[in-house]
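According to mature numbering (1 follows the signal peptide of the UniProt record, and there is no 0), the sequence shown holds residues -20 to -1, 1 to 383 in order. For glycine and all other residues, C-beta sits at the position ideal for the given N, C-alpha and C. Since we're looking at a predicted model, the values are computed, not measured.
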Amino acid sequence: MKKNCLPLLLVAVAPVLAFAGPVEAPPVIVPNTPVNTNTPGMYDSVDVIPLHDGGWLVAWFSPDQDADWNVYQQRYAGSGAKVGLETQVNTHTPGSQTNPAVTALADGGWVVAWDSHGQDGSEVSVYQQRYAASGTKKGDETKVNTYTTGEQSDSAIAALADGGWVVTWTRYKQNGKGFGVYQQRYAESGAKAGVETQVNSTIADSQGASDVTALASGGWVVTWMGGSGSDRKIYQQRYAESGAKAGVETQVNSTTTGKQGRATVRTLADGGWLVTWYRQNGANDDVYQQRYAGSGAKVGVETQFNSTMSGSVGIPAVTARADGGWVVTLMGKSGSDNNIYQQRYVGSGAKVGVETQVNSTTDGDQYDPAITTLEDDGWIVIWINRSGIYQQRYDAVGNPLGG
């Protein structure tokens, strides 16, 4: 995904579709606690996933930590305590390793994918590293893309119902038509299942900035941004469990004025999915969402998320919840600085209360949020500010924990 992951509670592979009550011990995490140990420095592209033990894992990249651009991760227990120290994911260190995306597997482990600059002699390629539930690496890092000319980058990843996973990315000019979206499926063993395939059918202009979510039926949905200039739109393609396309690519956004920005897609508890994206509308950005039934039919019309923010809002992040609802988080400007906001929805699609500010530290800009649902049906929001990576945990009814 970008860099936002599929909640375990909604994936058919997860053995814990029904969760057992509240967290066993009071969380030790306090409001707006830092994730990274190495400070000061620059951090970017955070992602977060839930783990089967009730904890979570945060991944990011930093150009300042070890004199190279590397990808790091930090594991947390269900109590909120750190499990060990932050660790470097990539083994190859020359060049730059950036833009991690992570997904949790049915066996309790996880896979991290990232962009590696110059590792295989190409401009950029996508690599991945699998981990066991213990946190140890399973095998070596491997290259995802087969085609290597030019740039293959900006990956998203989702665990599938069969125990495997699928990685999507953007490829430059394989067919001489600008950027395109490609994917590679993996079996539970970690072996490639078939060959990489092109997702987008439309090849005019550029197609890129993909995201992917797994469906309980065993298939998956890929979203991306297509077009050029002011004529950018959001598209999606559904896949069956077999890996065959289920129907044709379809346009998600109904309103076509303004530029449609990068989209995020998440599976919902009812078997459908939700696509969110931002639209550049003059001096301000707005965030929209469109819900889909498991059949692929639209549920209602696209709706606007943000109501009180101005300026640029950035890429929205979404997590689905076991009660059928979801939570959207994004960066928004209120006053002179950018802050992180969230809005909760119930299964009917109705808002629960109003959008609320996540960060309590307001010095400087807060940006690049990620969010995931945890085993207790609460959730955690991760974001970046100028001093590091921060997080805030919530219980199942939306109360901030800690403090």
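Determine the extent of the beta strand (DSSP E) in which residue i is found, giving its start and end residues.
i: Trp253; result: 253 to 261
i: Pro80; result: 77 to 84
i: Leu310; result: 306 to 313
i: His97; result: 90 to 97
i: Leu65; result: 62 to 68
i: Leu195; result: Segment: none, Leu195 is in no beta strand (DSSP E) and carries neither H nor E.
i: Phe285; result: Element bounds for Phe285: n/a, residue is neither H nor E.
i: Thr299; result: 297 to 300
i: Pro30; result: 24 to 30
i: Ile369; result: 368 to 374
i: Val293; result: Counting along the chain, Val293 falls outside any beta strand (DSSP E), and DSSP gives it neither H nor E.
i: Ala39; result: 36 to 42
i: Asn50; result: 50 to 56
Report the rounded CA-to-CA distance for residue i versus residue j, giving the unit in angstroms.
i: Ala249; j: Pro74; result: 42 Å
i: Gln260; j: Val245; result: 19 Å
i: Gln53; j: Trp36; result: 11 Å
i: Gly358; j: Glu103; result: 41 Å
i: Gln372; j: Ile364; result: 12 Å
i: Asn233; j: Gly329; result: 17 Å
i: Glu131; j: His97; result: 9 Å
i: Gln322; j: Leu140; result: 28 Å
i: Gly188; j: Gln337; result: 31 Å
i: Ser222; j: Trp145; result: 13 Å
i: Leu85; j: Ser133; result: 22 Å
i: Gly382; j: Val192; result: 32 Å
i: Arg165; j: Tyr127; result: 15 Å
i: Leu354; j: Pro30; result: 5 Å
i: Thr342; j: Ala184; result: 43 Å
i: Phe41; j: Ser190; result: 19 Å
i: Val298; j: Thr78; result: 22 Å
i: Val28; j: Ala194; result: 16 Å
i: Gln269; j: Tyr162; result: 24 Å
i: Asp120; j: Arg151; result: 24 Å
i: Val91; j: Gly327; result: 30 Å
i: Lys123; j: Ala39; result: 19 Å
i: Gln231; j: Ser186; result: 15 Å
i: Gly251; j: Val279; result: 12 Å
i: Asn264; j: Ala167; result: 43 Å
i: Asp375; j: Ala136; result: 27 Å
i: Arg324; j: Val308; result: 7 Å
i: Thr83; j: Ala57; result: 17 Å
i: Gly274; j: Ala196; result: 9 Å
So, is residue i buried or exposed, given that buried needs 16 or more other C-beta atoms within 10 angstroms?
i: Leu70; result: A small fix is needed here, since residue 70 is Asn in this sequence, not Leu. Per the 10 Å Cβ criterion, buried.
i: Asn379; result: exposed
i: Pro6; result: With a pLDDT of 38 at Pro6, under the threshold of 50, the modelled position of that residue is not reliable, and the figure given next carries that caveat. With fewer than 16 other Cβ atoms within 10 Å, it is exposed.
i: Leu65; result: exposed
i: Val255; result: buried
i: Asp95; result: buried
i: Val228; result: exposed
i: Ser114; result: exposed
i: Lys153; result: exposed
i: Thr283; result: exposed
i: Gln109; result: buried
i: Gln346; result: buried
i: Ile369; result: buried
i: Gln99; result: buried
i: Ser316; result: exposed
i: Gly312; result: buried
i: Asp348; result: buried
i: Ser236; result: Going by the sequence as given, residue 236 is Thr instead of Ser. With fewer than 16 Cβ atoms within 10 Å of its Cβ, Thr236 is classed as exposed.
i: Gly333; result: exposed
- At what residue ranges does the segment 115 to 179 contain a whole run of the beta strand (DSSP E), taking only runs of 3 or more? Counting only runs of 3+ residues, the beta strand (DSSP E) found wholly inside the segment 115 to 179 occupies 132 to 139, 145 to 152, 159 to 166, in chain order.
- If you pair each beta-carbon of the segment 207 to 223 with each one of the segment 164 to 179, do three or more pairs fall below 8 Å? Yes, the segment 207 to 223 touches the segment 164 to 179.
- Between the segment 194 to 208 and the segment 168 to 177, do three or more beta carbon pairs fall short of 8 Å? Contact between the segment 194 to 208 and the segment 168 to 177 is absent, because fewer than three Cβ pairs lie under 8 Å.
- Message: Quick check on the DSSP output: what are the complete beta strand (DSSP E) runs of length 3 or more inside the segment 321 to 364, in order along the chain?
- Response: Those beta strand (DSSP E) runs which fall completely within the segment 321 to 364 and span 3+ residues are 331 to 337, 346 to 353.
- Residue ranges of each beta strand (DSSP E) run of no fewer than 3 residues wholly in the segment 212 to 276, ordered along the chain? Counting only runs of at least 3 residues, the segment 212 to 276 fully encloses the following beta strand (DSSP E) elements, listed from N- to C-terminal order: 213 to 219, 239 to 247, 253 to 261, 264 to 272.
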